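Asks: Which chain is which? The protein sequence lines are E and A, in order. Residue numbers for the first sequence, in the working numbering: 3 to 132. Residue numbers for the second sequence, in the working numbering: -11 to 165. Cβ coordinates follow ideal geometry from the N, Cα and C atoms, glycine included. Predicted model, so just to flag it, every value in this text is computed and none were measured. What follows is a structure written as structure tokens; I'll ask about it next.
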Amino acid sequence: TVGCVAIDSAGNLATATSTGGLVNKMVGRIGDTPVIGAGTYANRLCAVSATGVGEAIIRHTVARDVAALMEYVPDLSLEDAAARVVAGVPPGKVGLVAVSAAGEVTMAYNTTGMFRACATEGGRHEVGIW
Amino acid sequence: MGWAIALHGGAGDIPRSLPPDRREPRLATLRRCLDLATAALRSGSTALDVVELVVRELENCPHYNAGVGSVLTADGTVEMEAAVMDGNTMRCGAVSGLSTVVNAVSLARLVMEKTPHIYLAFHGAEAFAREQGVETKDPSHFITEANKERLRQAKEANRVQVDYTQPIPKDDNSRIG
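What follows is the structure in structure tokens.
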């Protein structure tokens, strides 16, 4: 799976995710990526793209849950919201990247690793796997 | 506040012993995507345009599991899917079951922008792709030798695998229970 989240200088948030799914999946199987709110979600508060085992991500409505925490828990940071959601999914099942309307960036996962990268206008620049 | 961007190329059981020839091409693609994205954001591109731009690049990289390089179904076919969402308007588009569309993410965006719907799948999505004139290729274009081998191993082990599940040594069944 691949995905990207961004906020532009005008404050617009967006997310996109694309995948081939799982090796040896059943023909006709649909994963989390195209299920809005599961693997992909954005609103005026944040944008999220997830990766991992689609069935787990759908069950836990991962992307929407991050946005919901941002919406309903006062003063919660994006990093804490993402960490809380990822921690609630069985280990080895999920990773996500997210950006918030405040320009926060987080990349959280409970797998061994996640190919990931981020950059901000403020100078943060990261590329990593583990 | 300013702009910000994050991208991923999949999560999974990625061993720290991943050989350089499998690690470096993927890292190089991440760096290239980051450069593309930051340049676009600095020049005033919208977040929506940038996420589509980046995901198209990742789809075109055979080392990642989307577009060319997509993993295979039990029948040895590709069934690709993608989604896009605009945070301000909450407009969104999604596609599933694609076997010929080169950049599924762009078709998802067309669903968002050109239809009254959110989600098109399988033959309906393929027909919409033809109607919109997006680039398509024979399904064989998306299938790599590495993924044929991964499917063979997964079938042998009788399991499904996330993106970076490692091959199982012939003399080791500890990871399959």
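Met116/E: buried (16+ other C-beta within 10 angstroms of its C-beta) or exposed?
Replies: Label assigned to Met116/E: buried.
Asks: Determine the chain E residues that contact Met100/A at a beta-carbon separation under 9 angstroms, and present them in chain order.
Replies: Neighbours of Met100/A on chain E: none; closest Cβ ~10 angstroms, over 9 angstroms.
Asks: Taking a contact to mean a Cβ-Cβ separation below 8 angstroms, would you say Val89/A touches Val59/A in this structure?
Replies: Their beta carbons are not under 8 angstroms apart, which means Val89/A does not touch Val59/A by this criterion.
Asks: Spatial neighbours of Pro92/E within its chain, please: C-beta separation below 7 angstroms, excluding the five flanking residues on both sides.
Replies: Within the same chain, Pro92/E has close Cβ partners Ala58.
Asks: Per DSSP, what kind of secondary structure is Glu128/E in: helix, strand or coil?
Replies: Looking at Glu128/E - three-state DSSP - the assignment turns out to be strand.
Asks: Note down, in chain order, every chain E residue with its Cβ under 8 angstroms from the Cβ of Asp126/A.
Replies: Under the 8 angstroms cutoff, chain E gives no residues; its nearest Cβ is about 16 angstroms from Asp126/A.
Asks: Excluding five sequence neighbours on each side, which residues of the same chain lie with their C-beta closer than 6 angstroms to the C-beta of Glu43/A?
Replies: Just to set this straight, residue 43/A is Val in the shown sequence, not Glu. Excluding sequence neighbours, Val43/A sits near Val93.
Asks: Listed in chain order, which residues of the region -6 to 15 of chain A have Cβ atoms closer than 8 angstroms to some Cβ of chain E?
Replies: Listed by position along the chain: Ala(-6), Leu(-5), His(-4), Gly(-3), Gly(-2), Ala(-1), Gly0, Asp1, Ile2, Pro3, Arg4, Leu6, Arg11, Arg14 and Leu15.
Asks: How should Arg138/A be labelled, buried or exposed, when 16 other C-beta atoms within 10 angstroms of its C-beta is the threshold for buried?
Replies: It counts as buried.
Asks: Determine, using beta carbons only, whether Glu73/E comes closer than 8 angstroms to chain A.
Replies: Not closer than 8 angstroms to any Cβ of chain A, the Cβ of Glu73/E fails to qualify, so no.
Asks: Contact between the region 71 to 81 of chain A and the region 95 to 112 of chain A: three or more CB pairs below 8 angstroms?
Replies: The region 71 to 81 of chain A vs the region 95 to 112 of chain A: in contact.
Asks: In the structure shown, what three-state DSSP assignment does His(-4)/A receive?
Replies: Correct three-state label for His(-4)/A: strand.
Asks: Take Gln149/A as the anchor and find which of Ala62/A, Asp74/A, Thr17/A and His111/A has the nearest alpha-carbon.
Replies: Out of Ala62/A, Asp74/A, Thr17/A and His111/A, Ala62/A has the C-alpha closest to the C-alpha of Gln149/A.
Asks: Where does Lys95/E sit, in a helix, a strand or coil, going by DSSP?
Replies: In the structure shown, Lys95/E sits in coil (DSSP, three-state: anything other than H, G, I, E or B).
Asks: Please name the residue in Lys95/E, Glu123/E, Leu47/E and Leu15/E whose C-alpha comes closest to that of Leu78/E.
Replies: Closest option to Leu78/E, Cα to Cα, is Leu47/E.
Asks: Do we get a CB-CB distance below 8 angstroms when we pair Ile9/E with the residues of chain A?
Replies: Judged by the 8 angstroms Cβ criterion, Ile9/E is in contact with chain A.
Asks: Between the beta-carbon of Thr136/E and the beta-carbon of Thr114/E, is there less than 8 angstroms?
Replies: Here chain E covers residues 3 to 132 and nothing more, so residue 136/E does not appear.
Asks: Using a beta-carbon distance below 8 angstroms, is Gln149/A in contact with chain E?
Replies: Chain E, which has a Cβ nearer than 8 angstroms to the Cβ of Gln149/A, makes this yes.
Asks: Can you give me the C-alpha to C-alpha distance between Val75/E and Gln120/A, rounded to a whole angstrom?
Replies: So the alpha carbons of these two residues sit roughly 42 angstroms apart.
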